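Enquirer: Here's a structure for you.
Residue numbers (this note's numbering), protein chains in the order written: chain P, 1 to 160; chain Z, 161 to 351.
And the structure:
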């Protein structure tokens, strides 16, 4: 167990104690929701863990870093941004995936771009967004998110 | 009520689908490992380590998400954001978006309700973006897997650019609405 793990668990425990003091029934309800969502997400987690194992085990680092590494250049960043925008996977799962990419030679830039487009842009949910907010806002939001994701990634690549 | 039952059915269907995909990958992995037995140890070790890292924080993350979803109501979000103004509204949008949980598409109807209530476009965009990528439980997972430096850098940059984007979209939409009005006026004049 590292410091981060302990910190996260203590933080959650403190929040839970606060909630129990404030309203027992609500806290119970929250725990039930937590248990169901945990159960719900486990198959997806197992899938992604297998994918990570296969990815790191079979694809040589040099191959990954050619596509999304330092030398991949702006085209590589663009491609990974597009991937993030189209893929529809829970953001919780994207972090272990991103971490495995990083370990196998991806650059900080591509990983940051991937996480940002994955969370901010919803290709699959675009029709719903258009219906609720109108074409103009939906297109502007998704389009500009794509651009700022790339800018954020480039800045992270420079500072880290 | 009917909608609720339908939603539950959908969820059950979703989990069935996930289990089927998992079994498929599991079999696929076993076949691959029996073809390449020398890779077996490496792959099992990598997968096991990721599994451990995940399982040690997942219950905590889920508890945080559960707590947020019970203690922060959508109505509160709409109430506070609907009447805020200025740059304060943008910050409030980010805060209000970061607290509740759920996938992004849950936030669209809330955003739509906010616009009808007269919230500024910039704050609605900030709200949606924060909902998408500045969740506290989500940041915890990012901290675990990518480290504090990466997490903080991405968080700060995201907040800065989301504010810029919100204001830009608001200006663009105001500008295009005005243009439309002017063009409509000219058309009327020519007729």
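Heads up, the beta-carbon is just placed ideally off N, CA and C, and yes, glycines get one too.
These numbers were taken from a predicted model, which means no experiment stands behind them.
Is there a Cβ of chain P sitting closer than 8 Å to that of residue 329 of chain Z, yes or no?
Expert: By this cut-off, residue 329 of chain Z is an interface position.
Enquirer: Taking beta-carbon pairs under 8 Å, can you tell me which members of the stretch 82-115 of chain P lie near chain Z?
Expert: The residues in question are 90, 91, 92, 95, 96, 98, 99, 100, 102, 108, 111, 112, 115.
Enquirer: If you check the beta carbons only, do residue 270 of chain Z and residue 141 of chain P fall under 8 Å apart?
Expert: Going by C-beta atoms, residue 270 of chain Z is not nearer than 8 Å to residue 141 of chain P.
Enquirer: Within this structure, are the beta carbons of residue 56 of chain P and residue 206 of chain Z separated by less than 8 Å?
Expert: Yes; because the gap between Cβ atoms is below 8 Å, this pair is in contact.
Enquirer: Tell me which same chain residues have a C-beta within less than 7 Å of the C-beta of residue 323 of chain Z, skipping the five on either side of it?
Expert: Cβ within range, chain order: 250, 286.
Enquirer: Taking the alpha carbon of residue 198 of chain Z as the point to measure from, which residue in P:58, P:48, P:46, P:19 has its own alpha carbon closest?
Expert: Ranking the options by Cα distance to residue 198 of chain Z, first place goes to P:58.
Enquirer: Measuring alpha carbon to alpha carbon, tell me which residue in Z:220, Z:291, Z:307 is nearest residue 10 of chain P.
Expert: When only C-alpha atoms are compared, the closest one is Z:220.
Enquirer: Taking 8 Å as the cut-off, decide whether the C-beta atoms of residue 49 of chain P and residue 211 of chain Z are in contact.
Expert: It is a contact, given that the beta carbons lie within the stated cut-off.
Enquirer: Please report how far the alpha carbon of residue 86 of chain P lies from the alpha carbon of residue 201 of chain Z, in whole angstroms.
Expert: Those two C-alpha atoms are separated by around 33 Å.
Enquirer: When you compare each of Z:193, Z:192, Z:293 to residue 95 of chain P by their alpha carbons, which one comes out closest?
Expert: It is Z:293.
Enquirer: Reducing DSSP to helix, strand and coil, say where residue 124 of chain P ends up.
Expert: The answer is coil: DSSP assigns residue 124 of chain P none of H, G, I, E or B.
Enquirer: Within 8 Å of any Cβ in chain Z, is that where the Cβ of residue 132 of chain P sits?
Expert: Yes - at least one Cβ of chain Z is within 8 Å of the one on residue 132 of chain P.
Enquirer: Looking at C-alpha atoms only, which residue of Z:274, Z:179, Z:303 is the closest neighbour of residue 44 of chain P?
Expert: The option with the nearest alpha carbon to residue 44 of chain P is Z:179.
Enquirer: So, for residue 138 of chain P: in the same chain, excluding its five sequence neighbours on each side, which residues have a beta-carbon less than 7 Å away from its beta-carbon?
Expert: 126, 129, 130.
Enquirer: Output the distance between the C-alpha atoms of residue 235 of chain Z and residue 278 of chain Z, rounded to the nearest integer angstrom.
Expert: Computed Cα separation, rounded: 15 Å.
Enquirer: By Cβ distance below 6 Å, which residues in the same chain neighbour residue 16 of chain P in space, the five residues on each side in sequence not counted?
Expert: Counting only Cβ-Cβ distances below 6 Å, and skipping sequence neighbours, we find nothing.
Enquirer: Report the three-state DSSP secondary structure of residue 368 of chain Z (helix, strand or coil).
Expert: Because chain Z here runs from 161 to 351, residue 368 of chain Z falls outside it and cannot be looked at.
Enquirer: Check whether the Cβ atoms of residue 152 of chain P and residue 318 of chain Z sit closer than 8 Å, and answer yes or no.
Expert: Cβ distance < 8 Å, so residue 152 of chain P and residue 318 of chain Z count as in contact.
Enquirer: Got a sec: is the Cβ-Cβ distance from residue 70 of chain P to anything in chain Z below 8 Å?
Expert: Residue 70 of chain P does not count as touching chain Z.
Enquirer: Give the single residue among P:157, P:3, P:150, P:28 whose Cα lies nearest to the Cα of residue 83 of chain P.
Expert: Answer by Cα proximity: P:150.
Enquirer: Please confirm if residue 229 of chain Z has its CB atom under 8 Å from at least one CB of chain P.
Expert: For residue 229 of chain Z, the answer is yes, since a Cβ of chain P falls inside 8 Å of its Cβ.
Enquirer: Would you mind listing the alpha helix (DSSP H) stretches within the stretch 32-108 of chain P that are 4+ residues and don't spill past its ends, in chain order?
Expert: For the stretch 32-108 of chain P, whole alpha helix (DSSP H) runs of length 4 or above, ordered along the chain, are 61-68, 73-86, 91-103.
Enquirer: State the start and end residues of the unbroken alpha helix (DSSP H) segment that holds residue 258 of chain Z.
Expert: Element bounds for residue 258 of chain Z: 246-258.
Enquirer: Mind pulling the alpha helix (DSSP H) runs of 4 or more residues that sit fully within the stretch 248-317 of chain Z?
Expert: For the stretch 248-317 of chain Z, whole alpha helix (DSSP H) runs of length 4 or above, ordered along the chain, are 264-276, 281-293, 296-306.
Enquirer: Is the separation between the beta-carbon of residue 263 of chain Z and that of residue 232 of chain Z shorter than 8 Å?
Expert: Taking 8 Å as the Cβ cut-off, residue 263 of chain Z and residue 232 of chain Z do not qualify as a contacting pair.
Enquirer: With the cut-off set at 8 Å, would you say residue 92 of chain P and residue 8 of chain P are in Cβ contact?
Expert: Not a contact, by the Cβ cut-off of 8 Å.
Enquirer: Could you confirm whether any beta carbon from chain P is found closer than 8 Å to the beta carbon of residue 306 of chain Z?
Expert: Closer than 8 Å to some Cβ of chain P, the Cβ of residue 306 of chain Z qualifies, so yes.
Enquirer: Round the Cβ separation of residue 288 of chain Z and residue 238 of chain Z to the nearest angstrom and send it over; I've been treating them as touching at under 8 Å.
Expert: Not a contact, Cβ separation roughly 14 Å.
Enquirer: Would you grab the beta carbon distance between residue 312 of chain Z and residue 12 of chain P for me? Rounded to a whole angstrom, and I think it's under 8 Å.
Expert: That pair is no contact at about 20 Å.
Enquirer: Using a 10 Å radius around the Cβ and a threshold of 16 neighbouring Cβ atoms, would you call residue 103 of chain P buried or exposed?
Expert: So residue 103 of chain P ends up on the exposed side.
Enquirer: Buried or exposed: residue 71 of chain P, going by 16 or more other Cβ atoms within 10 Å of its Cβ?
Expert: So residue 71 of chain P ends up on the exposed side.
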